[in-house]
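Numbering (our numbering), first residue to last: 15 to 532. The beta carbon of each residue, even a glycine, is placed where N, CA and C say it ideally should be. All figures in this text were calculated on a predicted structure; none of them were measured in a lab. Read through the structure below, which is laid out as structure tokens, and then see the notes.
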Ligand code: UN1
């Protein structure tokens, strides 16, 4: 596909999604606010073209948005949950209609492959469907009171305004994981998307607005604030925002967690990963290859679930090394909208520099680079964001290996003896998001999944580290932040629990048999 062909097509996509050359940076749903902050220009990492600009939101706009959200909450919390679910159902239908243009914009603004852009919109559709069912299942428990003629139960109520801070790498899906659940729970949402992907955020708000307008949803249930870190800091410190859900680096998460913790608010943190795949002697190498290569180079290594380390038993180490090196030499790198390419660009020039610096650090610490990634130049690579992926042989203890490099840099680590040695290496990092083992030995896989096994929030057998389904709770331990989003009972984070004890007798017995007569 020529650059002009893509550009023409992108203009159609932008028109369909209601994105202009210059856009306002804040919306309460019913309208976009005339923001006056600094201009953010969104350049595509695909071809370096300016896609559009946004006038960012100021702290004054922040105040307007929060105040509107607070007002909307008073109405929204009284709407029956299945009725809120019905609106989320319609959003899921609308997203199906917009799947192609939205998937394409995700690909063009963020740089992931078109297939992955569509996959991201599919995750949004899936979480909407999940939330619809859930809207009739926000169940508490009925409990037995120790006192006669008393009844107890617990129930869940909404929290209020939920702040959502999301990252560039999943610019739309992570927002939907949060909003679809928060909305059916009766919360209202204020979204601060990444400054690197503002236009996909505008598209999501426009799509939501269509549905909300048709259903007379009050202004302020879905809000967007596009701008700098000051907006995120304001949210983290704001008592009117009972829950802040933040996805991004551990550094960012620590500062959000600290600020929210100081005011005893709730935070849901989904931070860095350092995900490993363990390959035991019985691993089926036919399925290992696509699992590891997609995990490491998919999304150009920019998923928090990307495979960073492969821990291989010495008996199959040389064989795995040869197969991986051969596969890496066959990877096609280029425009992610062209479906014959496996690897697209990194998000920006800073990211390219961080990647190249990490390769140098591997060498300086004594690692052996087997496939050395380079910055690509020439036709098709004019944006300056394209690199070739790398593989290096390292020790787990290297400083650089302990660190999450958000790029396609894969480490090979050898282990000997039994699976416990591999598990120890895998757990020997600060992060704890995703992990996997490839084995046909049930003892090894059960050991990996046991309490003495993987210490991560996600532990897979015979599949890679990335590509989780929305039905499971998503998140990780240690410096990954401990939060859970998406499926299972993650909805409980968006609600407050209340225990109710009801006395329908004519006496007032006290708990624990305490006597208090007068
Ligand atoms: C992320 O990288 O922040 O499991 C989310 C996966 C995707 C989500 C990744 N479903 O790889």
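Handout entry: Inter-stretch contact at 8 Å, needing at least 3 Cβ pairs: the segment 132-140 / the segment 39-57
Key = The segment 132-140 vs the segment 39-57: no contact.
Problem - Three CB pairs or more closer than 8 Å across the segment 86-100 and the segment 270-286 - result: no
Exercise for the section: Determine which residues share a DSSP beta bridge with residue 156 and list them. Expected result: 167
Handout entry: residue 137: CB within 7 Å of a non-hydrogen atom of the ligand UN1
Key = Answer for residue 137: yes, Cβ within range of the ligand UN1.
Problem - the segment 398-416 contacting the segment 241-257, beta-carbon criterion three pairs below 8 Å - result: no
Practice task
Give a yes or no on whether the C-beta atoms belonging to residue 433 and residue 462 are separated by under 8 Å.
Solution key: yes
Handout entry: Straight-line Cα distance separating residue 324 from residue 382
Key = 15 Å
Problem - Span of the alpha helix (DSSP H), counted from its first residue to its last, around residue 189 - result: 187-199
Exercise for the section: Using 10 angstroms around the beta-carbon of residue 404, count the other beta-carbons present and answer buried if the total reaches 16, otherwise exposed. Expected result: Around the beta-carbon of residue 404, 16 or more other beta-carbon atoms lie within 10 Å, marking it buried.
Practice task
Check whether the segment 124-134 touches the segment 72-84, counting contact only when three or more Cβ pairs, one atom from each stretch, lie closer than 8 Å.
Solution key: no
Handout entry: Cut-off 7 Å between Cβ atoms - residues of its own chain near residue 113, not counting five sequence neighbours on either side
Key = Closer than 7 Å at Cβ, skipping near neighbours: 132, 135.
Handout entry: residue 158, buried or exposed, once every other Cβ within 10 Å from all chains shown has been counted against 16
Key = exposed
Problem - Proximity of residue 178 and residue 205 at Cβ, strictly below 8 Å - result: The answer is yes: Cβ separation under 8 Å.
Exercise for the section: Evaluate residue 16 with the Cβ neighbour count: other Cβ atoms within 10 Å of its Cβ, from every protein chain shown; 16 or more gives buried, anything less gives exposed. Expected result: Summary for residue 16: the model assigns pLDDT 49, below 50, so the residue's position carries little reliability; its value from the coordinates is reported in the next sentence. Residue 16 should be labelled exposed.
Exercise for the section: Just mark residue 418 as buried or exposed, buried being the case when its beta carbon has 16 or more other beta carbons within 10 Å. Expected result: buried
Practice task
For residue 333, name the three-state secondary structure that DSSP assigns.
Solution key: helix
Practice task
Check each residue's C-beta against every heavy atom of the ligand UN1 and list, in chain order, those closer than 7 Å.
Solution key: 137, 181, 183, 184, 187, 188, 261, 284, 317, 318, 319, 480, 481, 482, 488
Handout entry: Residue burial classification, residue 288 (beta-carbon count within 10 angstroms, cutoff 16)
Key = buried
Problem - Span separating the alpha-carbon of residue 328 from that of residue 297 - result: Those two C-alpha atoms are separated by around 13 Å.
Exercise for the section: Evaluate residue 344 with the Cβ neighbour count: other Cβ atoms within 10 Å of its Cβ, from every protein chain shown; 16 or more gives buried, anything less gives exposed. Expected result: exposed
Handout entry: Within 8 Å, strictly: CB atoms of residue 571 and residue 459
Key = Any question about residue 571 goes unanswered here, given that the chain covers just 15 to 532.
Problem - Burial state of residue 284 (16 or more Cβ within 10 Å) - result: buried
Problem - Nearest-angstrom Cβ-Cβ length linking residue 501 and residue 477, presumed shorter than 8 Å - result: With 8 Å as the limit, residue 501 and residue 477 do not qualify as a contact, their Cβ atoms being about 17 Å apart.
Practice task
Can you check DSSP and say which residues form a bridge with residue 172?
Solution key: 509
Handout entry: Cutoff 8 Å; reference residue 308; Cβ partners in own chain excluding five residues on either side
Key = 478, 480, 481
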